[in-house]
Amino acid sequence: MKTKILIIEDETIVALDIQSALANLGYVVTSIATNHTEAFMSIEENIPNIILTDINLENSIDGIEIVQEIQKTKNIPVIYLTAFSDDDTINRAIQTNPVGYLLKPFQTNELKSTILLAIYKSKQPLTQTTHNRYKYLGNNYFYDEEKKKLYFKEVEIKLTQKESTLLDILYKEKGNIVPFETIEYLIWEDASVSDSTLRTLIYRLRSKLEYKLIETIPLNGCKLL
Numbered sequence: 000m001k002t003k004i005l006i007i008e009d010e011t012i013v014a015l016d017i018q019s020a021l022a023n024l025g026y027v028v029t030s031i032a033t034n035h036t037e038a039f040m041s042i043e044e045n046i047p048n049i050i051l052t053d054i055n056l057e058n059s060i061d062g063i064e065i066v067q068e069i070q071k072t073k074n075i076p077v078i079y080l081t082a083f084s085d086d087d088t089i090n091r092a093i094q095t096n097p098v099g100y101l102l103k104p105f106q107t108n109e110l111k112s113t114i115l116l117a118i119y120k121s122k123q124p125l126t127q128t129t130h131n132r133y134k135y136l137g138n139n140y141f142y143d144e145e146k147k148k149l150y151f152k153e154v155e156i157k158l159t160q161k162e163s164t165l166l167d168i169l170y171k172e173k174g175n176i177v178p179f180e181t182i183e184y185l186i187w188e189d190a191s192v193s194d195s196t197l198r199t200l201i202y203r204l205r206s207k208l209e210y211k212l213i214e215t216i217p218l219n220g221c222k223l224l
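Going letter by letter, the sequence shown gives residues 0 to 224 in numbering that gives the first Met the number 0.
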């Protein structure tokens with residue numbers, strides 16, 4: 000049975016592009032909802048396996064609020080698509096425990112790997128498995144220190160080069176706070192990056208783990224617990 004995905008997006012061209020990408024990947028789009036009313040109606044008619052939602056929606060409560068309402072009665076994995084990466088948006092999104100947070104414009108391979116992870120996690124019991132080769136991080140996540148790869152049980156979680164570098168930095172200092180300045184230098188060296196760029200990178204990695212495995216300390220740094 001094909002995976003069913005509900006798209007919540009009020010920009011028609013963007014929604015159709017996402018629908019086309021999902022169809023090419025072999026998924027079924029149950030509906031394209033442009034606001035909370037259409038989203039709730041669609042879920043009642045045909046419950047999706049995954050919700051793919053934009054955060055900023057005009058003429059509607061935003062995507063995070065929609066997800067919060069849905070989660071009161073249903074447990075459906077959520078992936079956020081957004082152009083926003085400010086602290087307030089990220090912190091609100093964290094509370095809904097999404098399986099992914101993709102910044103526009105996104106690549107199809109990013110969308111594919113995030114959906115595959117959502118499907119796998121939704122079918123697995125939250126129990127620890129034996130994984131002799133790799134280091135256990137908690138919550139069924141394992142890290143291959145040699146190849147610098149992250150796994151959820153037996154499934155590799157695709158990381159970008161910078162996400163992989165960040166995880167390795169935090170892993171080597173596991174339990175200790177790594178200052179933001181140190182992270183910025185080790186990843187970008189002498190290149191200047193904005194606070195939002197670093198913040199988004201940290202959030203993207205947190206979204207691929209369980210959020211509680213990485214703790215951020217405002218104005219200081221972050222650490223792998």
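Ideal Cβ placement from N, Cα and C applies to all residues, glycine included.
Your pair Leu185 and Ile213 does not check out as a contact, with CB atoms roughly 16 Å apart and the cut at 8 Å. DSSP lists no bridge partner for Ile93. From the listed residues Asn138, Asn74, Asp87, Tyr142, the smallest Cα separation to Pro97 is found for Asn74. Within the DSSP secondary-structure output, Thr107 pairs in no beta bridge. Leu149 sits in a strand when the DSSP states are folded into three classes. Boundaries of the alpha helix (DSSP H) harbouring Ala22: 11-23, taken from the DSSP string. Asp53 counts as buried, since at least 16 other C-beta atoms from the protein chains shown sit within 10 angstroms of its C-beta. Excluding five sequence positions before and after Leu21, the CB atoms of its chain that fall closer than 7 Å to its own CB belong to Ile4, Val28, given in chain order. The Cβ atoms of Phe151 and Leu116 sit closer than 8 Å to each other. The stretch 83-95 and the stretch 41-49 do not touch, with fewer than 3 CB-CB distances between them shorter than 8 Å. Rounded to whole angstroms, Ile12 and Ser41 show a C-alpha spacing of 20 Å. In this structure, the beta-carbon distance from Gln18 to Ile7 does not fall below 8 Å. Looking from the CA of Leu56, the closest CA among Ile69, Gln70, Glu43, His35 belongs to His35. Between Tyr119 and the set Leu15, Glu172, Lys207, the nearest pair of CA atoms involves Lys207. Assignment of Leu165 by DSSP, reduced to helix, strand and coil, places it in the helix class.
In the DSSP assignment, Val98 is bridged to no other residue. The beta-bridge partner set that DSSP reports for Glu155 consists of Tyr150. Asn139 counts as buried, since no fewer than 16 other beta carbons sit within 10 angstroms of its beta carbon.
In this structure, the beta-carbon distance from Leu149 to Leu165 does not fall below 8 Å. The alpha-carbon separation between Gln70 and Glu145 amounts to approximately 38 Å. Remark: C-beta atoms of Gln67 and Thr33 do not approach each other more closely than 8 Å. One alpha carbon belongs to Leu158, the other to Leu204, and they sit about 8 Å apart.
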